[in-house]
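J.:
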Amino acid sequence: MADFDVIIVGSGMSGGWAAKEFAEKGLKTLVLERGRDVEKGADYVGENTAPWDWPARDTSTAQMKADNPVQSQCYAFRESTQNFFAKDRDNPYSVEEGTSFSFIRGDQVGGRSLLWARQSYRWSEMDFQSNKRDGHGVDWPIRYKDLAPWYDYVEEFVGISGSKEGLPQLPDGKFQPPMELNAVEKKVRDAIAQTYPDRRLIIGRAAHLTEPTEQQLALGRGSCQFRNQCQRGCSFGAYFSSVAATLPAAKRTNNMQLVPDTQVERIVYDPATKRATGVETINRKTGTRETYTARVIFMCASTLGTLQIMLNSTSETFPTGFANTSDALGRYIMDHHHRVGARGKYPGMLDKYFSGRRPSGIYVPRFRNLESDEQDFSRGYGFQGGANRPSWQSTCQQDGFGADYKNAMREPGGWEVYLQGFGEMLPVADNRVTLHPTKTDPYGMAQLHINVRFGENERKMRLDMAQTAKETLEAGGCIDVEAYNRDTIVGLGIHEMGGARMGRDPLTSVLNAHNQCHDVENVFVTDGASMTSSACQNPSITYMALTARAADYAVTQMQQGKL
Amino acid sequence: MKQQKSAHPSRRDAIKGLFLATGGAASLPLMSALSACTPEIKQELSPYMELVSHVSEMILPQTDTPGALAAGVPAYIEALVGTHYTQDEREAFKTGLSVFDEMAHAKSAKSFLAAPHEVQTTILTALDQSGVAIWQQLKQAVVFGYYTSEAATEELRYDPIPGGYDGDADLSDIGRAWLTTGI
Ligand SMILES: Cc1cc2nc3c(=O)[nH]c(=O)nc-3n(C[C@H](O)[C@H](O)[C@H](O)COP(=O)(O)OP(=O)(O)OC[C@H]3O[C@@H](n4cnc5c(N)ncnc54)[C@H](O)[C@@H]3O)c2cc1C
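In order, the protein sequence lines correspond to chains Y and P.
Counting from 1, position 379 in the first sequence corresponds to residue 379 in this note's numbering; the numbering is continuous, with no gaps.
Counting from 1, position 6 in the second sequence corresponds to residue 6 in this note's numbering; the numbering is continuous, with no gaps.
Here it is as structure tokens:
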């Protein structure tokens, strides 16, 4: 008999959900996490620490950058947050010559759910039909209606603050009260609507509690305090992380065992039963190798983490990687492209300011190619942004010194508004990861070799993004608007997806409509690796909905004796 | 997994978690490899510290709130230059500082520190206009050291745990710019 009913690999955004669902349904659940344990509160070492408490006043020092050349590229990396970023030294990977990829990772219980910016936008029917519509990639095996109830389900538990807008391309969800647009954002919104009624400026939808439910309070979670220092961890449990929400929910059932410091190396396949029997692991602290067995395995190690394990799980049946008769494993890797948009000044309104640090911004949902491709590129993009009055960090740049100079900085700077695009990336077979033939990580596991680049469609889209960001801000009443379109590196969107895509045909996809391997029925992949296209919305809420849906399916199958 | 801490952390608990300042150095673009701030380096920098302190206080003087000296800015700059600068950067910093005395000599003063206050002010005004590198570097370090110090919580508005967001606040009710902006 197997040791467990289910093994979940990874304890981040998706693994936490799998753990909660299986444990709450009474299954004996094992969560394997390669990183260290993280306890809510106690391990939030950066929380509540003022700038002057840090040796380098909460910056990223040259030494930190030298030690972590990849992680330090992330905007959120600094003294107070670095403990939730992986150490580059422990997580080496290789990239194809002539390409670059910045692999931003978490390496602890909670994964990157501790670090995320909490933006949570549903996909729409358009997104699930996009591949079919324009022929890039294979058709999704599910439609919006299949996932909608699961969005409802996860959103109610997660707690998403947002406003209902009735937009078909960005379906409304189960929201807690929205955060507030500030005075200038409202002005800009109203002015844009005059010129571009289809460009809607709305408040960001963010995984923050603004009106906690009984269920959330019972888990020790409380309302957002508007500190905007979330990536240090939040003892209020006000933003969603697996550490604050799903893992405690799983733990209180007493059906879950979570084993940290345990890296899964491979999935063990039994050709006689055509099923996986378990996983082989290495303890990163002791080097001990162990095999755990289970009836069902859920892969939630993050897109590339899961792919590394699957590519490493070769056998006579699957010589090129686990459940890979389609040859799609490791292919069709996507990210979102960003670092393109515009910024400008908003004149006047100098008697207006804000109090509190809103930990989220504004959103302009996709407005391009909604019905058909009327642009010279496929798919679309959304904008994130906000209006702000900068403080000393910017006002110090004025001339002068002395009391007048100091006093001038008591005044906040004038209003500034910015929009940053997040664009969809097409699925392309040659954008792929493989295992490096010789290089290994410190634990002896073959390194990923990453060969992914943005293409012509992304390049064309970016020109449009810069252009529309500028004209949108100008329509909103901004002056001195400057568009930007900076070089961007794949991976820095931190929305890497694909590699084990869902699809209808076992010959062209790895997973079926239930995130279940076509080739091996008791192995599921529910993290970003399962994505068939990338849409332009931040993807984590979709991973969560897919995970809860797949867990429900698996449990039903197990109860019926089919799994 | 370990036991969870208190289920409902209060605002007061969170504030209690704040620690006192330990001083230290900040990162500026110039910084490179971290090296230990040895007593020798402290010694090496000591002839320059009086000038650095004096100019710091001229950039951000005591008003009805603490100035650069009370905020510990010189110690911050000493740690910055002594701990985070490379040997070459440190040499360039020391050499760069000679511009103050050179300009004082041109105004027939023995040194910058010995010059009358109006002469010092004239020199700083000229430096500020010229945009010379050492001045920019020093001004930036003074500003950063000051506004990341605890003293700056008196100068600007500081609220570690706002508890809410008001997007339509009147500036007159808040009075001054916020000290911190979050991530
Ligand atoms: C700064 C930042 C901002 C972001 N902002 C947003 C946002 O606003 N909205 C959004 O939707 N997304 C955002 N993201 C992305 C989001 O964090 C990820 O999409 C999400 O965490 C992915 O969930 P996951 O479960 O697949 O992976 P993760 O949360 O990364 O968890 C994977 C876990 O698996 C573990 N693991 C990996 N390999 C193994 C192995 N071999 N054995 C055992 N365990 C393993 C890892 O250590 C990790 O704990 C952001 C990310 C970052 C870093």
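Built from N, CA and C at the ideal position, the CB exists for glycine as well.
Every value quoted in this text rests on a predicted model; they were computed, and no experiment measured them.
Who are the neighbours of Phe354(Y) on chain P, taking C-beta pairs under 8 Å?
T.: For this step, residue 354(Y) is matched to residue 354 along the first sequence. Correct list: Tyr165, Asp166, Gly167, Asp168 and Ala169.
J.: Of all the residues that make up the region 404-415 of chain Y, which are near chain P by a beta-carbon distance shorter than 9 Å?
T.: Tyr405, Lys406, Asn407, Met409, Arg410, Glu411, Pro412 and Gly413
J.: What span of residues does the beta strand (DSSP E) with His436(Y) cover, start to end?
T.: For the purposes of this step, residue 436(Y) is taken as the residue at position 436 of the first sequence. Here the beta strand (DSSP E) through His436(Y) covers Arg432 to Thr440.
J.: Show which residues of chain Y have a CB atom less than 7 Å away from the CB atom of Thr122(P).
T.: If you number the second sequence from 1, residue 122(P) lands on position 122. By Cβ distance, chain Y contributes nothing, its closest Cβ being about 12 Å from Thr122(P), past 7 Å.
J.: Contact between the region 238-246 of chain Y and the region 11-22 of chain Y is defined here as three or more beta-carbon pairs at a separation below 8 Å; is this criterion met?
T.: yes
J.: Find out if the Cβ-Cβ distance for the pair Asp88(P), Gly356(Y) is shorter than 8 Å.
T.: Here the question's residue 88(P) lines up with position 88 in the second sequence. Here the question's residue 356(Y) lines up with position 356 in the first sequence. No. Outside cutoff.
J.: Using the Cβ count rule (16 or more neighbours within 10 Å means buried), how would you classify Lys470(Y)?
T.: Along the first sequence, one-based indexing puts residue 470(Y) at 470. Buried: at least 16 other Cβ atoms inside 10 Å.
J.: For Thr273(Y), count neighbouring Cβ atoms within 10 angstroms of its own Cβ and tell me buried if that reaches 16, exposed if not.
T.: Indexing the first sequence from 1 puts residue 273(Y) at position 273. The residue is exposed, with fewer than 16 neighbouring Cβ atoms inside 10 Å.
J.: Does the Cβ of Thr195(Y) have 16 or more other Cβ atoms within 10 Å, making it buried, or fewer, making it exposed?
T.: Counting from one through the first sequence, the residue named residue 195(Y) turns up at place 195. Exposed is the call here.
J.: Just grab the DSSP bridge partners of Lys352(Y) for me.
T.: Locating residue 352(Y) in the first sequence gives position 352, where the first residue counts as 1. According to DSSP, which records beta bridges pairwise, Lys352(Y) is partnered with Asp170(P).
J.: Out of Phe4(Y), Pro141(Y), Glu47(Y) and Gln225(Y), which has the shortest C-alpha to C-alpha gap to Val31(Y)?
T.: Residue numbering aside, residue 31(Y) sits at position 31 when the first sequence is read from its first letter. Ranking the options by Cα distance to Val31(Y), first place goes to Phe4(Y).
J.: Should Gln420(Y) be counted as a contact of ligand 1 given a C-beta to heavy atom distance under 7 Å?
T.: As a first step, residue 420(Y) is located in the first sequence; it is residue number 420 there, counting from the start. No, Cβ of Gln420(Y) sits at least 7 Å from all heavy atoms of ligand 1.
J.: According to a CB-to-CB cut-off of less than 8 Å, which residues of the region 166-185 of chain Y neighbour chain P?
T.: Met179, Glu180, Leu181, Asn182, Ala183 and Glu185
J.: Tell me whether the region 47-57 of chain Y and the region 121-134 of chain Y touch, counting them as touching only if at least three CB pairs, one residue from each stretch, are closer than 8 Å.
T.: no
J.: Check for me: the alpha helix (DSSP H) holding Asp376(Y) runs from which residue to which?
T.: For the purposes of this step, residue 376(Y) is taken as the residue at position 376 of the first sequence. Counting along the chain, no alpha helix (DSSP H) covers Asp376(Y), and no H or E run does either.
J.: Asn408(Y): buried (16+ other C-beta within 10 angstroms of its C-beta) or exposed?
T.: Here residue 408(Y) refers to the residue found at position 408 when the first sequence is read from its first residue. Note on residue identity: the sequence assigns Ala, not Asn, to residue 408(Y). Exposed: under 16 other Cβ atoms inside 10 Å.
J.: Excluding the five sequence neighbours on either side, which residues of its own chain have a C-beta within less than 6 Å of the C-beta of Thr395(Y), listed in chain order?
T.: Here residue 395(Y) refers to the residue found at position 395 when the first sequence is read from its first residue. Correct list, in chain order: Met409 and Gly413.
J.: Any heavy atom of ligand 1 inside 7 Å of the beta-carbon of Tyr543(Y)?
T.: Taking the first sequence and counting its residues from 1, the one referred to as residue 543(Y) is at position 543. Yes, the beta carbon of Tyr543(Y) sits closer than 7 Å to at least one heavy atom of ligand 1.
J.: Could you work out which residue in His449(Y), Gly402(Y) and Val490(Y) is closest to Phe422(Y) when comparing CA atoms only?
T.: Translated into the one-based positions of the first sequence, residue 422(Y) becomes position 422. Checking every option, the nearest Cα to that of Phe422(Y) belongs to Val490(Y).
J.: Would you call Asp464(Y) buried or exposed, if buried means 16 or more other Cβ atoms sit within 10 Å of its Cβ?
T.: As a working note, residue 464(Y) is residue 464 in the first sequence. Flag for Asp464(Y) reads buried.
J.: Does the distance between the C-beta of Cys224(Y) and the nearest non-hydrogen atom of ligand 1 fall short of 7 Å?
T.: Here residue 224(Y) is taken as the residue at index 224 of the first sequence, counted from 1. No, since every heavy atom of ligand 1 falls outside the 7 Å radius drawn around the Cβ of Cys224(Y).
J.: Run the CB neighbour count on Tyr75(Y), radius 10 Å, all protein chains shown included, and call it buried at 16 or more, exposed below.
T.: Stepping through the first sequence from its first residue, residue 75(Y) is reached at position 75. Result: exposed.
J.: For Gln71(Y), count neighbouring C-beta atoms within 10 Å of its own C-beta (all shown protein chains included) and say buried if the count is 16 or more, exposed if not.
T.: Translated into the one-based positions of the first sequence, residue 71(Y) becomes position 71. With 16 or more Cβ atoms within 10 Å of its Cβ, Gln71(Y) is classed as buried.
J.: Are the region 383-399 of chain Y and the region 296-305 of chain Y touching by the rule of at least three beta carbon pairs closer than 8 Å?
T.: With the rule of 3 Cβ pairs closer than 8 Å, the region 383-399 of chain Y does not count as touching the region 296-305 of chain Y.
J.: If you measure from the beta carbon of Ala25(P) to each beta carbon in chain Y, is any gap under 8 Å?
T.: Taking the second sequence and counting its residues from 1, one reaches residue 25(P) at position 25. Bear in mind that the predicted position of Ala25(P) carries a pLDDT of just 29, short of 50, making it too unreliable to give a figure here.
J.: Quick one: does the C-beta of Met13(Y) sit closer than 7 Å to a heavy atom of ligand 1?
T.: Looking up residue 13(Y) in the first sequence gives position 13. Met13(Y): yes, Cβ under 7 Å from ligand 1.
J.: If you follow the alpha helix (DSSP H) that Asn388(Y) is part of, which residue opens it and which one closes it?
T.: Translated into positions along the first sequence, residue 388(Y) becomes position 388. Taken as a continuous stretch (DSSP letters only), Asn388(Y) belongs to no alpha helix (DSSP H), being part of the beta strand (DSSP E) at Tyr381 to Asn388.
J.: Quick one: what's Ser94(Y) bridged to in DSSP?
T.: By 1-based counting over the first sequence, the position of residue 94(Y) is 94. When beta bridges are read from the DSSP output, Ser94(Y) appears opposite His449(Y).
J.: What residue does the beta strand (DSSP E) around Trp17(Y) start on, and which one ends it?
T.: As a first step, residue 17(Y) is located in the first sequence; it is residue number 17 there, counting from the start. Per DSSP, Trp17(Y) belongs to no beta strand (DSSP E); it is in the alpha helix (DSSP H), Met13 to Glu24.
J.: Which chain P residues sit within Cβ distance under 9 Å of Asp351(Y)?
T.: As a first step, residue 351(Y) is located in the first sequence; it is residue number 351 there, counting from the start. The answer, in chain order, is Asp170, Leu171 and Ser172.
J.: For a minimum of 3 consecutive residues, which ranges assigned as the beta strand (DSSP E) are wholly contained in the region 507-551 of chain Y?
T.: 523-525
J.: For Leu304(Y) and Thr434(Y), what's the separation of their Cα atoms in angstroms?
T.: Reading the first sequence from its first residue, position 304 is the one you call residue 304(Y). Reading the first sequence from its first residue, position 434 is the one you call residue 434(Y). Approximately 10 Å, taken between the alpha carbons.
J.: Report the residues of the region 212-225 of chain Y with a CB closer than 7 Å to any CB of chain P, ordered along the chain.
T.: Under the 7 Å Cβ criterion, the region 212-225 of chain Y contributes Gly220, Gly222 and Gln225.
J.: Under DSSP, the beta strand (DSSP E) around Val6(Y) begins and ends at which residues?
T.: For the purposes of this step, residue 6(Y) is identified with residue 6 of the first sequence, where counting begins at 1. Phe4 to Val9 is the span of the beta strand (DSSP E), which, as asked, contains Val6(Y).
J.: Between the C-alpha atoms of Leu156(P) and Leu311(Y), what's the straight-line distance to the nearest angstrom?
T.: Sequence index remark: in the second sequence, residue 156(P) carries index 156 (1-based). Sequence index remark: in the first sequence, residue 311(Y) carries index 311 (1-based). Looking at the two C-alpha atoms, the distance is approximately 55 Å.
J.: Can you find a heavy atom of ligand 1 that lies under 7 Å from the Cβ of Ser120(Y)?
T.: Within the first sequence, the letter at position 120 stands for residue 120(Y). True, at least one ligand heavy atom lies under 7 Å from that Cβ.
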